[in-house]
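For reference, the structure discussed in these notes is given below.
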Amino acid sequence: LDVEWVRGRPASLLQLSCGSECLVLRLSQMAIPPPALQLLLHEDRVLKVGVGVHHDMERLESWLRIAALRDRTLDIAPPPSARGGVDIAPLALSVCGPGGLGLSQIAWR
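Numbering of the sequence shown is given in the working numbering, commencing with residue 114 and proceeding in unit increments.
Below, the structure is given as structure tokens:
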């Protein structure tokens, strides 16, 4: 998930990706959000992943005038000390639970 905006303005563009599919929505052209989008963003079974995703969800909350979208998010921005690497262990735990699955098993989930 990624949201784009111009500083001081509401969210203007939303990118949603799943597998090899990508949907780009021009939020600035919508008077109200489509009900299907609202349902997707509220769905607890859908983990929203992105770089700075917590801040992106704050922008969407403001646009939708609702709260509590940030419950199922995972920010994959590497810390400054990571030198470009990202630890996916928190993602694996949040998706699969503490079952000790290998990377190939996680990828199939």
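Don't be surprised by glycine CBs; every beta carbon is placed ideally from N, CA and C.
Output needed for residue i: all residues of its chain with C-beta closer than 7 Å, excluding positions within five of it in sequence on either side, in chain order.
i, result
"Leu140", "Ala124, Ser125, Leu126, Leu127, Trp176"
"Glu156", "none"
What are the boundary residues of the beta strand (DSSP E) that residue i is part of?
i, result
"Ala124", "124-131"
"Glu117", "115-118"
"Gly163", "161-163"
Per DSSP, what kind of secondary structure is residue i in: helix, strand or coil?
i, result
"Leu136", "strand"
"Asp169", "helix"
Span of the alpha helix (DSSP H) holding residue i?
i, result
"Pro148", "148-155"
Going by C-alpha distance, which of the options is nearest residue i?
i, options, result
"Trp118", "Pro146, Pro147, His168, Ile145", "His168"
"Leu136", "Ser207, Gly121, Leu153, Ala144", "Leu153"
"Ser130", "Pro203, Ser207, Gly163, Met170", "Gly163"
"Gln151", "Arg178, Gln142, Thr186", "Arg178"
"Arg122", "Val159, Pro203, Asp188, Glu171", "Glu171"
"Ala190", "Pro146, Val166, Ser207", "Val166"
"Met143", "Leu173, Thr186, Pro203", "Leu173"
Leaving out five residues on either side along the sequence, give the residues of the same chain with a beta carbon under 6 Å from the beta carbon of residue i.
i, result
"Asp115", "Gln128, Gly163"
"Glu146", "The sequence shown places Pro at residue 146, rather than the Glu named in the question. Same-chain partners within the cutoff: Leu177."
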